[in-house]
Every structure is written in structure tokens, then in C-alpha cells.
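Basically the numbering used here = 1-based index in the sequence shown + 2.
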Amino acid sequence: MKRILFAAAIATLAASPAFAGCTEDAQAQAQKIQTLTQATMTKMQAGASKDEQCSASKDLMDETKKLVAIYKTCKSELSLTDAQIEQVDQQVTTGDQSYTAQCGG
């Protein structure tokens, strides 16, 4: 559950206006994460198997990492600070640790 919440939190950074290319990429990726977050939560609430939950969580983590890569590449265009980048990096690390603890490597 923690990784779902952090993915949603990371995706909200994409809402900031900036230059077209980076903003469009970040917003599209953030939308993808929001859709995956909703699907993952639905699976969990429906009592999906652990394997299904882990698969959905892995997909969510992978897409979140893509968004973080966009943030790093477009840092100045998106007006992100070093502290914000560090925060999302830490959230990804926490999400990875949570995934490993619940689903294995």
C-alpha cells in the first residue's frame, strides 16, 4: 500500500507548468501512474492473489521510475529543486524496499 501512495505523491509533481515537451511527458507519465494506481488498488480490494498484487506493484514501480527519470532529465524545465529530486529518489528507494519485503526480489 505504501508504494501506491508514494507513486501518487510523486505523480503530483508533474502538475507544475513548465516547458511543453517536458511537461507533456511528465503529465502523460503521471496519468499512466494514476491509472495504474487505481487498477492496483482495485485488485487489492478485490482480493487478488499475492502474485497478481506483486505484478501490479512491479508495473507501478517501473512506471514511477520512468517518471523520476523524466524529472531528472527535465529538472530545470520543470522547475524542480535538488531537494524535490532527493525526495522522489528516497520515495522510490522506500517503494523498492517495501516491494522486496512483500514480494521478494
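Ideal placement from N, C-alpha and C gives every residue a C-beta, glycine not left out.
Burial state of residue i, where buried means 16 or more other Cβ atoms lie within 10 Å
i: ALA58; result: buried
i: ALA32; result: buried
i: THR44; result: exposed
Beta-carbon gap between residue i and residue j smaller than 7 Å
i: VAL101; j: MET63; result: Before going further, note that residue 101 is Tyr rather than Val in the sequence given. Yes, the pair counts as a contact, with Cβ atoms nearer than the cut-off.
i: THR66; j: ILE35; result: yes
i: LEU82; j: ASP61; result: no
i: ILE87; j: ASP27; result: no
Reduced DSSP secondary structure (H/G/I, E/B, other) of residue i
i: LYS77; result: coil
i: GLY49; result: coil
i: ASP84; result: helix
i: GLY106; result: coil
i: SER18; result: Note that SER18 has pLDDT 47, beneath the 50 cutoff, so the model's placement of it is unreliable and the number below is only indicative. In this structure, SER18 counts as coil in the three-state DSSP scheme.
Assumed close pair residue i, residue j - CB separation to whole angstroms, cut-off 8 Å
i: LEU80; j: THR25; result: 7 Å
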